[in-house]
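I have placed the structure first, in the form of structure tokens, so that the comments after it can refer back to it.
Numbering (UniProt numbering), first residue to last: 1 to 462.
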């Protein structure tokens, strides 16, 4: 079984990844800036320290010891700072933490007078550090050249950098957890309307179908779902009502012939020797059976058209198809008026058009006024073909009746006693029009002319 996908987990992961990506860049920038700041503070501290040493040399120029270490060095950093002073290229003083061995000398590069230079070095104790080289005179008139080299260990700087990194990593981990919780919170809040919709659907399935109640109509993404689901419920309710009505109508249609057969059988059984009953009994039962067969055949045809797909790749001559259908129905062609500019051939399904023509012609001839004609008009407008079937009627039909004419087994009063009209003709026409993507319209004008209009899209040859 395939693993189910979760929208909630996917949204949480996507939001988390997006925020983590942004925060990662932010933390990286913070780390870089803090490292630069720490290094700048360390550099400023070295410069200040060098300035202090140069000031002490100026103050103690006539004393045996130029620099008093107790004034500038604490017990904590005494082993982290090394210095050496040269006067006129002769070493005159070293820091006490330097070995007395003369072979240990600090770096002394040739640099311009009254300038300084900073380079990376390895301290005598093996640590990494920075060396500040300074060449200076005590005054403009003093020709003595002092050279000062100061080594500073990077232990303190590295300790600060490590502390910053650890603090940022710890903060980043906590931030990741908070981001995950935040992403989960906003995702659950965002999906809350969807959960409420699901709860409403569950409640609906446990009770008779009824439209869902929209808790918040201002949610743009949820509102169409409510609309679609309510439309689906309404459509199903209509289908259920139609099914109940059709079932009731079928039972009603079959009840009468069955009752007639039972009555005929009982009468024949009661009077078996009556020649009048025996003479017509067989034919009466046969007529009733044929009536029931016609009804069942119509229902089966309707079901067949509901499920079958039709291809529209045949070339159909409409005028020829119309006249052939009229001849098969044995209609009085003198009362059929077909108006068309010329013989039209279209790409369509021949069987569908044949069934549509047969049902529309049968209805038109059955319901038309006596001595009137049935008018069939075929017009071509742009990319569409229009078929009009018109016949005059005696009675005015309301809009409700016009809408019900395509309902299965709906019959007008005058056709209820007819053995061949079961209210399926226009229903079959409607189903076939839907299957072939035709538009069907029924109307009756003030002159009691009933008109059926079918719009057929013309298919390109390619």
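Backbone N, C-alpha and C fix where the C-beta goes; we use that ideal spot for every residue, glycine too.
Bear in mind that the values here come from a model prediction, so they are computed numbers and not experimental data.
For residue 144, the three-state secondary structure derived from DSSP is coil.
Here the alpha carbon of residue 332 sits roughly 34 Å from the alpha carbon of residue 279. Counting of Cβ neighbours within 10 angstroms places residue 170 among the exposed residues, the total staying below 16. Residues of the same chain with a CB within less than 7 Å of the CB of residue 316, apart from the 5 flanking positions on each side, are 345, 346, 348, 350, 353 in chain order. The segment 357–371 and the segment 318–336 touch, with no fewer than 3 CB-CB distances between them shorter than 8 Å. By the Cβ criterion, the segment 7–18 is in contact with the segment 181–194, since at least three pairs of Cβ atoms, one from each stretch, lie closer than 8 Å. Between residue 133 and residue 174, the CB-CB gap reaches or exceeds 8 Å. Excluding sequence positions up to five before and after residue 53, its CB lies within less than 8 Å of the CB of 67, 72, 83, 148, 150, all in the same chain and listed in chain order. The DSSP-derived three-state label of residue 436 is coil.
Residue 330 carries a coil assignment under DSSP once its states are collapsed to helix, strand and coil.
The segment 251–267 makes no contact with the segment 219–230; the number of CB pairs closer than 8 Å stays below 3.
Ranked by how close their Cα comes to the Cα of residue 142, the residues 230, 61, 33, 39 have 61 in first place.
Here residue 392 is near residue 448, since their CB atoms are less than 8 Å apart. With fewer than 16 other CB atoms across the displayed protein chains lying within 10 angstroms of its CB, residue 21 is exposed. Contact check for residue 457 against residue 427 fails: the beta carbons are separated by 8 Å or more. By the neighbour-count criterion, in which 16 or more other beta carbons inside 10 Å mark a residue as buried, residue 454 falls on the buried side. Pairing residue 30 with residue 168 gives a Cβ-Cβ distance under 8 Å.
Residue state for residue 40 is assigned as helix, using DSSP reduced to three classes. In this structure, the CA atom of residue 274 is about 37 Å from the CA atom of residue 411. By the CB criterion at 8 Å, residue 88 and residue 154 fall outside the cutoff. Going by DSSP, residue 369 is part of no alpha helix (DSSP H) at all; its letter is neither H nor E. Going by DSSP, residue 111 is part of no beta strand (DSSP E) at all; its letter is neither H nor E. Taking the Cβ atoms as the reference, residue 271 lies roughly 15 Å from residue 262, outside the contact range of under 8 Å. Shown here, residue 272 sits in coil according to DSSP, grouped into three states, outside any helix or strand.
Counting only residues of its own chain and dropping the five nearest sequence neighbours on each side, residue 319 has a CB closer than 8 Å to the CB of 338, 340, 343, 344, 378.
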